[in-house]
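Novice:
Residue numbers (the numbering used here): 24 to 472.
(1) Quick check on the burial criterion: 16 or more other C-beta atoms within 10 angstroms. Buried or exposed for residue 224?
(2) My understanding is that residue 175 touches residue 432, with C-beta atoms under 8 Å, so please give their C-beta distance in whole angstroms.
(3) Bridge partners for residue 93 per DSSP, in chain order?
(4) Given that a residue counts as buried once 16 or more other Cβ atoms are within 10 Å of its Cβ, and exposed if not, what is residue 275?
(5) Within 10 angstroms of its Cβ, does residue 357 collect 16 or more other Cβ (buried), or is it exposed?
(6) Residue 220: which of 400, 270, 205, 169 sits nearest, CA to CA?
(7) Taking buried to mean at least 16 other C-beta atoms within 10 Å of its own C-beta, is residue 282 buried or exposed?
(8) Beta-carbon within less than 8 Å of residue 439's beta-carbon, same chain only, minus the 5 sequence neighbours each way: which residues are those?
(9) Does DSSP put residue 285 in a helix, a strand or coil?
(10) As a quick exercise: from 217, 191, 414, 41, pick the residue whose alpha carbon is nearest that of residue 206.
(11) My assumption, with CB atoms under 8 Å, is that residue 164 sits in contact with residue 405. Please give the rounded CB distance.
(12) From which residue to which residue does the alpha helix (DSSP H) around residue 330 run?
(13) The alpha helix (DSSP H) with residue 240 in it runs from where to where?
(14) So the candidates are 90, 116, 93, 122; which of them puts its Cα closest to the Cα of residue 103?
(15) Mind checking whether residue 267 and residue 218 have CB atoms under 8 Å apart?
(16) For residue 106 and residue 127, which I take to be in contact (beta-carbon distance under 8 Å), what is that distance rounded to the nearest angstrom?
(17) Starting from the Cα of residue 277, find the closest Cα among 119, 328, 30, 35 and give me that residue.
(18) Hey, out of 173, 27, 185, whose CA is closest to residue 145's CA?
(19) Starting from residue 191 and walking both ways along the alpha helix (DSSP H), at which residues does that stretch end?
(20) Around the C-beta of residue 337, are 16 or more other C-beta atoms found within 10 angstroms, so that it is buried, or is it exposed?
(21) Would you mind working out which of 323, 292, 470, 117 sits nearest residue 311, comparing C-alpha positions?
(22) Of all the options 391, 54, 246, 85, which has the alpha carbon lying nearest to the alpha carbon of residue 363?
(23) In whole angstroms, what is the alpha-carbon distance linking residue 430 and residue 49?
(24) Helix, strand or coil, according to DSSP, for residue 296 in the structure here?
(25) Can you list the alpha helix (DSSP H) stretches of 4 or more residues lying completely in the region 117-204, in chain order?
(26) Relative to the C-alpha of residue 112, which residue among 131, 79, 93, 92 is closest?
(27) Does the pairing of the region 139-153 with the region 31-41 give three or more beta-carbon distances under 8 Å?
(28) Tell me, to the nearest whole angstrom, how far the beta carbon of residue 170 is from that of residue 454; I am working on the premise that it is less than 8 Å.
(29) As a quick exercise: from 466, 294, 96, 110, pick the residue whose alpha carbon is nearest that of residue 2.
(30) Are the beta-carbon atoms belonging to residue 166 and residue 393 less than 8 Å from one another?
(31) Once you ignore the five residues that flank residue 95 on each side, which residues in its own chain have a CB closer than 8 Å to its CB?
(32) Measuring CB to CB, does residue 61 end up less than 8 Å from residue 385?
(33) What runs of the alpha helix (DSSP H), each 4 residues or longer, lie entirely inside the region 54-83?
(34) Is the shortest distance between the beta-carbon of residue 133 and the beta-carbons of chain B less than 8 Å?
(35) Where residue 470 and residue 188 are concerned, what is the direct C-alpha to C-alpha distance, given to the nearest angstrom?
(36) What does the Cβ neighbour count give for residue 212, buried or exposed, with the cut at 16 atoms within 10 Å?
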């Protein structure tokens, strides 16, 4: 760490205290809530896929009653592959700890590193006081803590996004010919690629460098920057492609399409059908035929998965074309389903009601804490974003905009509260700016005669 200001910042007890508290609350929650998932939910699927991969059977589904067997790409491979690595290493050394606990340990570490990373970004882009506020917001954001225990990809995805932003040089377009900048742009591309292998909705992250240029430079300078920006974009795209292409090529060979995931059809149909509510649902209009084909048998993966994805996507897009007037209302419904509460992490830890280990009172209290914390951050993030604009904190603003843009995909498909968690963690940068400004105003008021 060559920056003397950085050395001073990271030696402050308050900074280390924020990180310590962030780690403690995550570990404490995991001690209580890291449990083997039950039911047919994403955590159970992740655990099963991790075990299959650790056993050496590849990214496949073994099949069973009414479940076609074979290669799968329904879930992007990033998160299950990491869990599989943990499972494999644990088995190799004779550790019998469950995958759920291994995942919770990893996510406690990643969640804490994310808080530290956001504080470093706050120090670089804003000020030390704002950086501490960023750390407090992200470290104690209840839903981020609750998502540490269940086997869900959000914690790892957020950590990769923050790591990519740390690697990206400030005002990178002013030093594109320097070897260090080229290397860091490539690093940004690699980390963005891994983020997309975890959650493809992270695509707005790749736009953050370009947004920073557009915000920082006046329009009369844009033409002069075309060449260095295009060269830098090529570096980022190539580095990102190196990460994504092996997985996309595997899927092209198996499914006939260059895709990161075959769940697009499901997601699009869930949000675009005659009975759509804006939230999640296994609507017969979408899935009755899928269930019939599964029950009849005669088609296995990958053919079944490819057919399911293509048919549901085509069905949903056709319905969207035929019913354009439904979209405004559905977008509002999706927004409500996405943003109205923040208890999904708490629900996920209890397998959405199938493994309830908290009392009704405990669930009520923790749910209230989750929602109060969420609304405090959301209410602070909006003026904080405007404050970054007013203060011309362009790089910070570009990262926050990327976070807000991650809400776009659920507004096209369907909303559920956990889809907004990555956004809320990233916009803690704006929250920190807002809180630091309020604290400074309060100090001035107290000191005034």
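Even glycine gets a Cβ: it sits at the ideal position worked out from N, Cα and C.
Specialist: Short version:
(1) buried
(2) In fact, because the Cβ distance is near 16 Å, the residues do not count as touching under 8 Å.
(3) 84
(4) exposed
(5) buried
(6) 270
(7) buried
(8) 302, 303, 360, 361, 367, 433
(9) coil
(10) 191
(11) Incorrect: roughly 16 Å between the Cβ atoms, too far for contact.
(12) 326-345
(13) Premise fails: residue 240 is in no alpha helix (DSSP H) and is neither H nor E.
(14) 122
(15) no
(16) That belief does not hold up - the Cβ atoms of residue 106 and residue 127 are roughly 11 Å apart, past 8 Å.
(17) 328
(18) 185
(19) Counting along the chain, residue 191 falls outside any alpha helix (DSSP H), and DSSP gives it neither H nor E.
(20) exposed
(21) 292
(22) 391
(23) 25 Å
(24) coil
(25) 122-148, 151-162, 165-169, 177-190
(26) 79
(27) yes
(28) Going by Cβ atoms, the distance from residue 170 to residue 454 rounds to 18 Å, so no, they are not a contact pair.
(29) Nothing about residue 2 can be read from this structure; the chain reaches only from 24 to 472.
(30) yes
(31) 72, 82, 83, 84, 285, 324, 325, 328
(32) no
(33) 65-77
(34) The structure shown has no chain B; it contains just one protein chain.
(35) 37 Å
(36) buried
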